[in-house]
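S.K.:
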Amino acid sequence: MFSKLIIVNIIYTNYQKNTKMKSVLSNLLLSLSLIWASSTMAQTYTIKGRVTDRDNNQPMEFANIALLTPSDSALIAGGMSDLDGTFSFESEKGEYLLRVGFIGYDSYFRKINVGDKEVLNVGNIRISTDATNLQEVVVEGVSSIFESDIDKRTYNVENSIVAEGATASELLATLPSIQVDEEGGISMRGSGEVLIYINGRPSNLSSTDTDNILAQFPANSIKSVELITNPSSRYDAAGVGGIINIILKKNQNLGFNGQANVSVGTRDKYQAGLNLNYATEKINYFFSYNYQDRRRFREGEGFRENFIPGISRFLEQDDYEIDRRQSSLIRGGFDYNIKDNMVLGFYGQANLGKSTEDEITNQLNFNLPNSTDSLFVRDRVEKSKRANYETGVNLTWNLDSLGQRLYTSISYAYDTRDQIEETSQSFFNANDEFVPEKGLTQLNEAPRTSNFSIFQLDYEKPFGNNGKLEAGLKGTFGYWDRAQIFAQGDQNSNFIPTAVDSLNDAYSFNEDVYASYVTFKNKVNNFGYQLGLRAEYTETLGILESTNERFVNNYFNLFPSVYTTYSLGQEEELSANYSRRISRPGIWSLSPILNLRDQLNFSRGNPLLQPEFTDSYEVGYMKGWSSYLLNATLYHRYSTNVQTRIITLLDNNVTIQSRENANIRKSTGLELVNQFQVTDWMDLALTGNLFYSEIFGDNLGEGFNNSNFSWTLNLLSSMAIPNLFSVQLQGNYRGPIVLPQGEIEPIWGLNIGVKKDVMNKRGTVSLNVSDIFNTQVFRIKTEDSRFVFNRAFNRETRIGTIAFTYRFGGFKDRNGRNGDREEYDEDMDF
């Protein structure tokens, strides 16, 4: 809450010259002082209600509520609205003047009588924007880029210009602290073991499938992204690198309203979407549909020098791929107010897609320059169909008016994918002559299914004005099945593919996690703290079909967390926290089925892979000035049983990529988040992350220890040119990343976008270009005593997109009249 108030202060700095705004700010600070001071006073009666924006009916977070004496407007008591706009505070008996205010809004006044009821519910209070400052906000003001809390940072990407027409994974790549590699793998602060949440729930995404599923979520379907760098015991213990929570759009405005969007990108990239909402006082229905048809190319090259006898000294490889993906995301549901203090929610979602990949690969073996040993040319076509379904129900029950709450939810997801890969390989000898009899044909089918169920029960109970106890139970039940049906044809079979039994197999994996947690937080004067403990029992079972071999791994772990804050003064705070995390290996890291990417490069998982554990420490400092916010975090991570990628070169010139547990990884870094209000029309955020990483893999053999110093930079700036258009500029740089056998080399890029409101602000036209200078080339170097391997991949990143968004609809009051409702609704419970 502290840092969000700073952000609000930064956004409206230009209003401080306005006398009326100075008065509002002064009253806000005075109210806050009273709230803190009143924590020691005895109270008798409770006053509660809810604050919303009159224009859009959205809840007003951090509005200040004050109770004044009618005679001299002396401040008696007060409070501040929560995330959902609700407020509750206590006062003695008497007649008072209730005042509700927020920066940039007209103050609301109302006479109330406290003492007739134990709990006085003043209902829903709607406040309007200050007409004298409204034009400044709309035309020249720029919205906050992010909001920062003690345990997370929230990026408001709903109006992101640089991500218009992009996918969810491409949107994530534009955010500070996040990096996306050439295969769609996501890392945060240099750590790749990141847990992906969708709307606060763990998704059924494996590490390899993350890009495939996130690519089916258009950026236009996302409202905000939360980065939880060091989660507390309340969250799942999984995810060494933290949690990325993607919040999808869902309107809650009364009446019927919606939004339609369409975009077109260079080289055949199309997207269209529709979001609809209909709400009454008792129920809110929502529905959305988004469609994508995107074609992207990918270029790659590699050079390997071999140091073992009997094979060619050098291997040079290049490939070119065209990937076309079509997907439909359908989502709908409702929130139903069963009674004043109980809300039932339901949602259903279908993510349907198909893709085609067409790739040409050349593999040249030679000993000396211009001296060819052999050349393989592979023409591969892969077709796949995918369906992902998810549904869930949740119930929120406010047990009393003092904040005691019970929340429960159940969700289920099912994912299926059919994939067929057909490959034709040609061979050329040392004289560059085509040798038909040495050709190959290959057919590879890879069916996959999974299901994922979650049961959760959470309980909250406040103690006093600052204390709160949270406790909960959670069960997560996952099942994954992977199979490979491989056939190969050569001259002996007249090039008709026949089954290769040694490569045909299936692997299934069950993982059930039973968890419970308890946390308690409180604030004593300037010192705040949160203590938590989470217990998780994990049962896993992997079965290899060909041998019926069973891989069992059951374990119990405790995950403590400690968060502390200390207020040094107005808009200045110190924080320190600790948590323990776990990273459990997924299906692709475990499955021992040998996967042929080509005849010289194989990959397989390791069913004996163990979970990775990390102790994470952070010390933070936040300070806000009139037009500048600094958020500095010093962090250290100590990991054991580190899951890492290992490449082995066999004597027959074939490399096998697998996963192993290295002993230890250490990472120490400093992250600086700087937000500037440069002018009243320009907002800029500059994030830098400097870290030193060490990995110790002595248990894997000689040469598996490595270390390096690296850094990342991210620039995100928004500019609102009065009466013309808005501009957004985003750039990032990522330094080298250390691996046991080498490193991933630095990479950088720059994106720009422009948008303008049209049609009386119901429509928006935007234009953006990603990776302007086409510099996002992923390079990795792998070194071993038997080889040195340099690879580079360039997935199409320079894309131009034009998009149009149209907003429609309005709302009606309970009597069917168009326009606003009454100023407040008596006896409504919140």
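Oh and the sequence shown: position 129 is 144 in the numbering used here, straight run, nothing missing.
Beta carbons: idealized from backbone N, C-alpha and C, even for Gly.
Predicted model only: the values in this text are computed from it and were never measured.
1. Which residue spans inside the segment 269-312 form an unbroken beta strand (DSSP E) run of at least 3?
2. Work out the CA separation of G288 and I298 for me, nearest whole Å.
3. What did DSSP end up calling K63 once you bin it into helix, strand or coil?
4. What span of residues does the beta strand (DSSP E) with L644 cover, start to end?
5. Can you tell me whether DSSP reads D355 as helix, strand or coil?
6. Looking only at C-alpha atoms, which of F628, T727, S732 and N646 sits nearest to Y636?
7. Quick one, are the C-beta atoms of A275 and Y821 less than 8 Å apart?
8. Taking 8 Å as the cut-off, decide whether the C-beta atoms of F381 and Q440 are in contact.
9. Would you say the segment 684-701 touches the segment 722-739, given that touching needs at least three Cβ pairs under 8 Å?
10. Using CA atoms only, rank isn't needed, just tell me which of R801, R749, T797 and I759 is closest to A188.
11. Helix, strand or coil for Q471 per DSSP?
12. Given that a residue counts as buried once 16 or more other Cβ atoms are within 10 Å of its Cβ, and exposed if not, what is N128?
13. State the Cα-Cα distance for the pair E110 and N72, rounded to the nearest angstrom.
14. With a CB to CB cut of under 7 Å and the five nearest residues on each side skipped, what residues in its chain are close to F492?
15. Using a Cβ-Cβ cutoff of less than 7 Å, which residues in the same chain neighbour L44 once the five nearest sequence positions on both sides are dropped?
16. Could you tell me the distance, in whole angstroms, from the CA atom of N260 to the CA atom of D613?
17. Enumerate in chain order the residues of its own chain whose CB-to-CB distance from R401 is below 6 Å, with the five nearest sequence positions on each side excluded.
18. Go to A252, then tell me how far its alpha helix (DSSP H) extends in each direction, as first and last residue.
19. Give the DSSP-derived three-state secondary structure of P737 in the structure shown.
20. Using CA atoms only, rank isn't needed, just tell me which of S781, S370 and G712 is closest to N720.
21. Taking the beta carbon of I511 as the centre, do at least 16 other beta carbons fall within 10 Å, making it buried, or is it exposed?
22. Please tell me whether L664 and D505 are closer than 8 Å, where the distance is taken between their beta carbons.
23. Would you identify the three-state DSSP class for N139, choosing helix, strand or coil?
24. Using a Cβ distance threshold of 8 Å, determine whether the segment 473-490 contacts the segment 534-546, with at least three qualifying pairs required.
25. Hey, N171 and S239: beta-carbon distance below 8 Å or not?
26. Less than 8 Å between the C-beta atoms of V773 and V742, yes or no?
27. State the Cα-Cα distance for the pair G757 and S722, rounded to the nearest angstrom.
28. CA-CA distance, V153 and V792?
29. Where do the ends of the beta strand (DSSP E) carrying I258 lie?
30. Determine the DSSP secondary structure at L687, reduced to helix, strand or coil.
31. Can you tell me whether DSSP reads D70 as helix, strand or coil?
32. Taking DSSP as the reference, what is the three-state secondary structure of L699?
33. Compare the beta carbon distance of I597 and A252 with 8 Å and say whether it is the shorter of the two.
34. May I ask you to verify whether the segment 333-346 touches the segment 303-317, counting CB pairs closer than 8 Å and requiring at least 3?
35. In the DSSP output, which residue or residues are listed as bridge partners for E588?
36. Whole angstroms are fine: how far does the CA of R141 sit from the CA of F724?
M.R.: Walking through what the data contain:
1. 270-280 and 284-294
2. 24 Å
3. strand
4. Y643 to L664
5. coil
6. N646
7. yes
8. no
9. yes
10. R749
11. strand
12. exposed
13. 29 Å
14. S468 and D527
15. Confidence is the limiting factor: at L44 the pLDDT is only 42, short of 50, which leaves the residue's position unreliable, though a coordinate-based value still follows. Here the set comprises nothing.
16. 36 Å
17. G368 and R432
18. Note, A252: premise wrong, no alpha helix (DSSP H); not H, not E.
19. coil
20. G712
21. exposed
22. no
23. strand
24. yes
25. yes
26. no
27. 9 Å
28. Confidence in V153 is poor, its pLDDT being 29 and thus under 50, which makes the residue's placement unreliable; the coordinate value appears in the next sentence. Straight-line Cα distance between these residues: approximately 39 Å.
29. G257 to L263
30. strand
31. coil
32. strand
33. yes
34. yes
35. S582 and M637
36. 53 Å
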